[in-house]
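Chains as they are written, first to last, in numbering that gives the first Met the number 0: chain A, 0 to 154; chain B, 0 to 154.
Protein chains: 2
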Amino acid sequence: MATRYDGTKAEVSALNAFIALQRAADSVEAATQAEIARSGLTQSRFGVLEALLHLGPLTPKELAGKLLRSKGNLTLVIENLEREGLTSREPSKEDGRSFTVNLTAKGRKRIASMFPKHAKLITSALSSLSSSEQEDLRRLCRKLGKAQTKGGGHD
Amino acid sequence: MATRYDGTKAEVSALNAFIALQRAADSVEAATQAEIARSGLTQSRFGVLEALLHLGPLTPKELAGKLLRSKGNLTLVIENLEREGLTSREPSKEDGRSFTVNLTAKGRKRIASMFPKHAKLITSALSSLSSSEQEDLRRLCRKLGKAQTKGGGHD
DNA sequence: ATCATATAGTTCAATATCAAACTATATGGC
DNA sequence: GCCATATAGTTTGATATTGAACTATATGAT
Numbered sequence: 000m001a002t003r004y005d006g007t008k009a010e011v012s013a014l015n016a017f018i019a020l021q022r023a024a025d026s027v028e029a030a031t032q033a034e035i036a037r038s039g040l041t042q043s044r045f046g047v048l049e050a051l052l053h054l055g056p057l058t059p060k061e062l063a064g065k066l067l068r069s070k071g072n073l074t075l076v077i078e079n080l081e082r083e084g085l086t087s088r089e090p091s092k093e094d095g096r097s098f099t100v101n102l103t104a105k106g107r108k109r110i111a112s113m114f115p116k117h118a119k120l121i122t123s124a125l126s127s128l129s130s131s132e133q134e135d136l137r138r139l140c141r142k143l144g145k146a147q148t149k150g151g152g153h154d
Numbered sequence: 000m001a002t003r004y005d006g007t008k009a010e011v012s013a014l015n016a017f018i019a020l021q022r023a024a025d026s027v028e029a030a031t032q033a034e035i036a037r038s039g040l041t042q043s044r045f046g047v048l049e050a051l052l053h054l055g056p057l058t059p060k061e062l063a064g065k066l067l068r069s070k071g072n073l074t075l076v077i078e079n080l081e082r083e084g085l086t087s088r089e090p091s092k093e094d095g096r097s098f099t100v101n102l103t104a105k106g107r108k109r110i111a112s113m114f115p116k117h118a119k120l121i122t123s124a125l126s127s128l129s130s131s132e133q134e135d136l137r138r139l140c141r142k143l144g145k146a147q148t149k150g151g152g153h154d
C-alpha cells in the first residue's frame, strides 16, 4: 500500500511485511474461491470439513481454535453444515456441555472429492515460488504464528 | 493443520505453505484487532481510512482494488464511514457515475492519531522475525501476490 | 454436599462480505 | 445523434463474523 509512514526503520519493515502478508493470503484464498463455491460450499464450511477430514471429530471449541474463529461463529457454521447433512453431532460422554462434530458419509465424500482439485489450485497459486521458497515462506509464517499465540485467543 | 494429504510432493509443499500463510495473516491481524476496536472502528473501516491517508482520495472501485474487496462491500463501508463523519464524497468531474472518497478533518485526525500505535503493534507482532527475515517474507509474499492477480479481480 | 468460579456452547445485534441483478452514465463505431 | 457495449456504483439475499450477555455443566475448595 505504498506505506509512506514516517516511522522507525523497524516499523517500516514490519508494516511492509504485514501488508504483503495480508495481500498474499487474500489472493491465494481468492484463487480457491470459485471452486469452493462451485461445489456449493463456502470458505467457512469448507474449512470445517477439511479440518474434520484431516484431524477427525472435533468439538466446536477445538474447531474455533484450529480455524481462528469465535465460538459463536462455529455454532452457526456447524448448524449450516448439519442442515445440509454434511456433519452430525455426537454428545460427549465426559462433558455434558459438549459434543464432537463428525463428518457424515455424505460430508466425507463431498470434502474428499473436492480435495484433489483444491490441492491443485493451491499448488498452482503457489507455483511462482520454488519448492525451497515455499519452505522458507512456511518457516517464516510459522515463526510468526507461534510467537503470536499469546492472549488473543478466539474464545 | 497437520496436512495429511497423500498428494505429490509439490502439492504437500504448497498446502503446507498455504496453511501457514493463512494462519500467520490471521494471527497478525488479530494482534491489531483490540486496538482498532478500542478506537471505535472495524478492520474494514480502518482499512479504508488507512488507504485514504496514505494514498489520498480514491474512488470506491480503486478502494475495492486496493483492499481486495467487492464493490458492493465498499458501498456499505463507505456509507458507514460517512455516517460517522469520517469521510465525505466528492463528485467526479470527468465521470458522472463516480466520486472520490475523501477524509474529513475528523477522519484524518482519527486515523493519523491511531497510526503510531498501530505501527507499534504490527512491529511487535512481527518482532519474532529479524529485519532480514521480514524482508524475505515480504519478497516471497509479493512474488505470490503479483503472480496471482489474474482474472479473479474483485469486481 | 455446597458454593464459587471456570468453561462449553448458544443467542443477539451490529457489521462485513460476496455474487448477481440492477441503474445510470460513458464510450466507440456508425 | 444513435446504439451496442462497457463500466461505476447500488441493491438484495444469503452467509459469515465478532463481542458480549446468557445458560448449563464442570471442577475445586471447604
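For each residue, glycine too, the CB sits at the ideal point set by N, CA and C.
| said: Can you tell me whether A:E83 is helix, strand or coil according to DSSP? | reply: Position 84 of the first sequence, counting from 1, holds the residue named residue 83 of chain A. Correct three-state label for A:E83: coil.
| For A:K60 and B:S127, the rounded distance between their alpha carbons | Walking along the second sequence from the start, residue 127 of chain B turns up at place 128. Walking along the first sequence from the start, residue 60 of chain A turns up at place 61. Each residue's alpha carbon lies about 28 Å from the other.
| Is there at least one Cβ from chain B nearer than 9 Å to A:E93's Cβ? | By one-based count along the first sequence, residue 93 of chain A stands at place 94. No - not a single Cβ of chain B is within 9 Å of the one on A:E93.
| Rounded to whole angstroms, how far is the Cβ of B:Q133 from the Cβ of A:A24, which I believe are closer than 8 Å? | Taking the first residue of the second sequence as 1, we reach residue 133 of chain B at position 134. Taking the first residue of the first sequence as 1, we reach residue 24 of chain A at position 25. Between A:A24 and B:Q133 the Cβ distance is about 16 Å, and since that is not below 8 Å, they are no contact.
| Which residues does DSSP pair with A:R88 in a beta bridge? | Taking the first sequence and counting its residues from 1, the one referred to as residue 88 of chain A is at position 89. Beta-bridge pairing links A:R88 to A:V100.
| Which residues bound the alpha helix (DSSP H) around B:T31? | In the second sequence, the residue the question calls residue 31 of chain B occupies position 32. Unbroken alpha helix (DSSP H) run through B:T31: 8–37.
| query | Taking Cβ positions, are B:V11 and B:T58 nearer each other than 9 Å? | reply | Mapped onto the second sequence, residue 11 of chain B falls at position 12. Mapped onto the second sequence, residue 58 of chain B falls at position 59. Not in contact: B:V11 and B:T58 (Cβ atoms no closer than 9 Å).
| request: Tell whether a beta-carbon distance below 9 Å holds between A:G106 and A:L66. | output: For the purposes of this step, residue 106 of chain A is taken as residue 107 along the first sequence, with counting starting at 1. For the purposes of this step, residue 66 of chain A is taken as residue 67 along the first sequence, with counting starting at 1. The answer is no: Cβ separation not under 9 Å.
| Relative to the C-alpha of A:H53, which residue among B:M113, B:E89, B:L14, B:R138 is closest? | Sequence index remark: in the first sequence, residue 53 of chain A carries index 54 (1-based). For A:H53, the nearest C-alpha among the options comes from B:L14.
| B:G84 to B:L48, Cα distance in whole Å? | As a working mapping, residue 84 of chain B is identified with position 85 in the second sequence. As a working mapping, residue 48 of chain B is identified with position 49 in the second sequence. Each residue's alpha carbon lies about 12 Å from the other.
| field | Proximity test, Cβ basis, 9 Å: B:P56 and chain A | value | In the second sequence, residue 56 of chain B corresponds to position 57, counting from 1. No, because no Cβ of chain A sits closer than 9 Å to the Cβ of B:P56.
| query | Can you find a CB in chain B that lies within less than 9 Å of the CB of A:G64? | reply | By one-based count along the first sequence, residue 64 of chain A stands at place 65. Taking Cβ atoms only, chain B never reaches closer than 9 Å to A:G64, which makes this a no.
| request: Go through its chain and collect everything with a Cβ distance to A:V27's Cβ below 6 Å, but skip five positions before and after it. | output: One-based indexing of the first sequence puts residue 27 of chain A at position 28. Counting only Cβ-Cβ distances below 6 Å, and skipping sequence neighbours, we find A124.
| request: Drop a sphere of 10 angstroms on the beta-carbon of B:T122, count the other beta-carbons inside from all chains shown, and report buried for 16 or more, exposed for fewer. | output: Taking the second sequence and counting its residues from 1, one reaches residue 122 of chain B at position 123. With 16 or more Cβ atoms within 10 Å of its Cβ, B:T122 is classed as buried.
| task | Please state whether DSSP places A:L57 in a helix, a strand or coil. | result | What you label residue 57 of chain A is simply residue 58 of the first sequence in a count that begins at 1. Of the three classes helix, strand and coil, the one that applies to A:L57 here is strand, per DSSP.
| request: Name, please, each residue of chain A whose Cβ falls closer than 7 Å to the Cβ of B:A16. | output: Stepping through the second sequence from its first residue, residue 16 of chain B is reached at position 17. Going along chain A in sequence order, the residues near B:A16 (Cβ under 7 Å) are L125, Q133, L136, R137.
| said: Measuring only the C-alpha atoms, how far is B:F114 from A:F17? | reply: The residue you call residue 114 of chain B lines up with position 115 of the second sequence. The residue you call residue 17 of chain A lines up with position 18 of the first sequence. When rounded, the distance between both Cα atoms is 14 Å.
| task | Kindly indicate if chain A contains any beta-carbon less than 9 Å away from that of B:T110. | result | Mapped onto the second sequence, residue 110 of chain B falls at position 111. Correcting the residue type first, residue 110 of chain B is Ile in the shown sequence and not Thr. Closer than 9 Å: no.
| query | Taking 9 Å as the CB-CB limit, is B:K119 close to chain A? | reply | The count along the second sequence starts at 1 and reaches residue 119 of chain B at position 120. Interface residue, yes.
| task | Would you verify that the beta carbon of B:L75 is, or is not, closer than 9 Å to some beta carbon of chain A? | result | Against the second sequence, residue 75 of chain B aligns to sequence position 76. So no, B:L75 is outside the interface.
| field | Selected residue, minimal CA-CA separation from B:Q42, among B:I77, B:G95, B:S129, B:P56 | value | Position 43 of the second sequence holds residue 42 of chain B. Nearest of B:I77, B:G95, B:S129, B:P56 to B:Q42, Cα basis: B:I77.
| request: Say whether chain A places a C-beta atom closer than 9 Å to the C-beta of B:K8. | output: Numbered from its first residue, the second sequence carries residue 8 of chain B at position 9. It does: the Cβ of B:K8 has a partner Cβ on chain A nearer than 9 Å.
| Burial state of A:A30 (16 or more Cβ within 10 Å) | Here residue 30 of chain A refers to the residue found at position 31 of the first sequence. By the 10 Å Cβ count, A:A30 comes out buried.
| task | Give the single residue among A:G95, A:E34, A:L62 whose Cα lies nearest to the Cα of A:L120. | result | Position 121 of the first sequence, counting from 1, holds the residue named residue 120 of chain A. Nearest option by C-alpha distance: A:E34.
| Nearest-angstrom Cα separation, counted from B:A19 out to B:K142 | By one-based count along the second sequence, residue 142 of chain B stands at place 143. By one-based count along the second sequence, residue 19 of chain B stands at place 20. Taking the straight line from one Cα to the other gives about 16 Å.
| Length-filtered (4 minimum) alpha helix (DSSP H) runs lying within the stretch 108–149 of chain A | 130–147
| query | With 16 other CB atoms within 10 Å as the buried threshold, where does B:G55 fall? | reply | Working through the second sequence from its first residue, we reach residue 55 of chain B at position 56. The residue is exposed, with fewer than 16 neighbouring Cβ atoms inside 10 Å.
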